[in-house]
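Here is the structure we will look at.
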Amino acid sequence: MAERLLTRFTFFERILHWVVGVTFVLLLATGLAFAYPALFWLTALLGGGPSARVLHPWVGVLFTAGMAAMIVVWFRDMFLSDSDRRWLRAVRAYATRDSANVPPAGKYNAGQKMFFWVQGVLAVVFVASGVALWFPAAFGASFLQWMRLAHYLATLGGGLFLIVHVYLGTVAYPGTARAMIDGTVTERWARHHHPRWHEEQTRP
Ligand code: HEM
11 MAERLLTRFT
21 FFERILHWVV
31 GVTFVLLLAT
41 GLAFAYPALF
51 WLTALLGGGP
61 SARVLHPWVG
71 VLFTAGMAAM
81 IVVWFRDMFL
91 SDSDRRWLRA
101 VRAYATRDSA
111 NVPPAGKYNA
121 GQKMFFWVQG
131 VLAVVFVASG
141 VALWFPAAFG
151 ASFLQWMRLA
161 HYLATLGGGL
171 FLIVHVYLGT
181 VAYPGTARAM
191 IDGTVTERWA
201 RHHHPRWHEE
211 QTRP
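Written out as structure tokens, the structure is:
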């Protein structure tokens, strides 16, 4: 008999997530292409060097809109509770897959919540520094240098966190990616990874 499925994300949440995901990857790839000549070929993703230069900030506008909407939709679920703090103290058990010693997570574990807030803060850095770099005539040279550094550091940080996020959502924990594709997860997945959320969803 097919296993019962639980709905994890609505269609709207998935659209928002993928607007953010696709635009973020395009921005990351073209941004790295501008910084490193060896990666210049990545500008092909936005039609080559000159068009990538023009389109990068506009893709940034779309990323900003998606991210702002995602923050509005999800922020209530992302505050750390006492049980999240217990989860964080036991993060070693999570990383070593010692499931017996991982405090039960709700809809999101504390690591996912931290990822949400870190990407939210980095988005503010991207937007603030990106706007300055988009309209350089309005700012002084030394301020622009600081903004270039902030944009670059946020790129490296955001890129590294994204690699971890994609790894955890695909290779490390099979059965997770479908939550962002068709919006569902199996009961077994929910019971194992998010026991408190599973209980809430299946309580009679
Ligand atoms: C581009 C490839 C990406 C993949 C394959 C991916 C995959 C996923 C998956 C499978 C989930 C559901 C996790 C669950 O149900 O527990 C998720 C959730 C989430 N994603 Fe992504 N994602 C990507 C990009 C991004 C980007 C660029 C951001 C933000 C800048 C982002 C932010 C989030 C957040 C905040 C959540 C909810 C909390 C969490 O699960 O960490 N994702 N993602």
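Under my numbering, read the sequence shown as residues 11 to 214, first letter to last. Glycine included, every Cβ here is placed at the ideal spot set by N, Cα and C.
Which residues bound the alpha helix (DSSP H) around L72? 59-84
Can you tell me whether Y104 sits near ligand 1, meaning its C-beta is under 7 angstroms from at least one heavy atom of the ligand? no
Which runs of the alpha helix (DSSP H) fall wholly inside the segment 99-131 and span at least 4 residues, in chain order? 101-105
Can you tell which of P214, A200, R158 has its C-alpha closest to the C-alpha of L16? A200
Quick one: what does DSSP say L163 is sitting in, helix, strand or coil? In this structure, L163 counts as helix in the three-state DSSP scheme.
Hey, is the segment 144-155 in contact with the segment 178-186, meaning 3+ C-beta pairs nearer than 8 angstroms? no
Could you give the DSSP three-state label for L15: helix, strand or coil? strand
Which residue from P184, V64, V71, L49 puts its Cα closest to that of V29? V71
Once you ignore the five residues that flank V69 on each side, which residues in its own chain have a CB closer than 6 angstroms to its CB? T33, L36, L37
Same chain only: Cβ atoms within 8 angstroms of Y104, ignoring 5 sequence neighbours per side: Cβ neighbours of Y104 beyond the five flanking positions: W97, V112, N119, G121.
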